[in-house]
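Input: a single structure, listed below in structure tokens.
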Amino acid sequence: SAVISQKPSRDICQRGTSLTIQCQVDSQVTMMFWYRQQPGQSLTLIATANQGSEATYESGFVIDKFPISRPNLTFSTLTVSNMSPEDSSIYLCSVVHRGHSGANVLTFGAGSRLTVL
Amino acid sequence: SQQGEEDPQALSIQEGENATMNCSYKTSINNLQWYRQNSGRGLVHLILIRSNEREKHSGRLRVTLDTSKKSSSLLITASRAADTASYFCATAGRSGTYKYIFGTGTRLKVLA
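Next comes the structure, spelled out in structure tokens:
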């Protein structure tokens, strides 16, 4: 399975600022995914980062708030723009790969824990 | 919401005991997977069960699936302190889809 490096691992940010999270994969992957996990909650898919085209956003998430770049098959960034305390979450990068059973499974980065003051 | 529900939300047991957590989902699935998350870090894939399977084992893990009830359970036998984590079920719909819907999670604490 792929190894994913994500940074920063955590940050404390001021309201109104923006922060970019980086995700580096040790192999080429077609799709990369960005999830948000609010405190004590489950994971919610923000968008799918496609190489060579715009990201595909899920309902409730928009490009202006969460711009995503995917310059090549091993790297993606997620920016959280104009942050408010409600954006305090763990942001997770993931990729899909074939598991032992032959079905698709997800591998995750370690996450970026953002706290917005 | 398409999100699945898990229960219990939190579970505290003694080392050596078995831990059972349940997951219910809402839509037809191709497979159901269980993931573990340690201390708000990234998730790690544990086990996958396909929609045509009823039970699967992997080491100390046992997963069951009842598609008629749209539910699954994860059993961890002979639990260890290192099993302390949050456990999430995730469902994938039709074959080939990459969109996974995660359950609400169970926080397991194993006391030494």
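Protein chains in written order, with the working numbering: chain A, 1076 to 1192; chain B, 1359 to 1470.
Positions of the beta carbon are idealized from the N, C-alpha and C atoms, including for glycine.
Practice problem: Assuming L1469 of chain B contacts Q1372 of chain B (C-beta within less than 8 Å), just tell me the rounded distance between them. | Solution: Translated into the one-based positions of the second sequence, residue 1469 of chain B becomes position 111. Translated into the one-based positions of the second sequence, residue 1372 of chain B becomes position 14. That pair is a contact at about 5 Å.
Quiz item: Does DSSP put D1139 of chain A in a helix, a strand or coil?
Solution: Taking the first sequence and counting its residues from 1, the one referred to as residue 1139 of chain A is at position 64. D1139 of chain A: coil per DSSP, three-state reduction.
Quiz item: Any C-beta of chain A sitting closer than 8 Å to the C-beta of R1399 of chain B?
Solution: Counted from its first residue, the second sequence places residue 1399 of chain B at position 41. Closer than 8 Å to some Cβ of chain A, the Cβ of R1399 of chain B qualifies, so yes.
Practice problem: Thinking T1190 of chain A and T1095 of chain A are a contact (beta carbons under 8 Å), I'd like their distance in whole angstroms, please. | Solution: Counting from 1 along the first sequence, the entry for residue 1190 of chain A is found at position 115. Counting from 1 along the first sequence, the entry for residue 1095 of chain A is found at position 20. Actually they are not in contact, since the Cβ atoms of T1190 of chain A and T1095 of chain A sit about 16 Å apart, beyond 8 Å.
Exercise. Assign L1181 of chain A to buried or exposed, taking buried as 16 or more other Cβ atoms, counted over all protein chains shown, within 10 Å of its Cβ.
Key: Your numbering for residue 1181 of chain A matches position 106 in the first sequence. Buried: at least 16 other Cβ atoms inside 10 Å.
Quiz item: Does the distance from the CB of S1164 of chain A to the CB of F1183 of chain A come in under 8 Å?
Solution: Translated into positions along the first sequence, residue 1164 of chain A becomes position 89. Translated into positions along the first sequence, residue 1183 of chain A becomes position 108. No, these two residues do not count as a Cβ contact at 8 Å.
Quiz item: Taking Cβ to Cβ, would you say A1124 of chain A is nearer than 8 Å to I1138 of chain A?
Solution: Counted from its first residue, the first sequence places residue 1124 of chain A at position 49. Counted from its first residue, the first sequence places residue 1138 of chain A at position 63. With contacts defined by Cβ atoms closer than 8 Å, A1124 of chain A and I1138 of chain A do not form a contacting pair.
Quiz item: Whose C-alpha, out of B:S1444, B:L1419, B:Y1383 and B:T1425, is nearest the C-alpha of Y1458 of chain B?
Solution: By one-based count along the second sequence, residue 1458 of chain B stands at place 100. It is B:Y1383.
Self-check item: Close Cβ partners of K1140 of chain A (< 8 Å) along its chain, the five nearest in sequence each way excluded
Solution: To locate residue 1140 of chain A, count along the first sequence from 1; it is residue 65. Correct list, in chain order: V1155, S1156 and N1157.
Quiz prompt | Classification of V1078 of chain A by the beta-carbon crowding that lies within 10 angstroms, buried from 16 upward | solution = Against the first sequence, residue 1078 of chain A aligns to sequence position 3. Answer is exposed; the Cβ neighbour count stays below 16.
Quiz prompt | Contacts that G1461 of chain B makes with chain A (C-beta to C-beta distance below 7 Å) | solution = Indexing the second sequence from 1 puts residue 1461 of chain B at position 103. The contacting residues are S1117.
Exercise. Kindly say whether L1192 of chain A, judged by its beta-carbon, lies nearer than 8 Å to any beta-carbon of chain B.
Key: In the first sequence, counting from the first residue as 1, residue 1192 of chain A sits at position 117. No, no contact with chain B.
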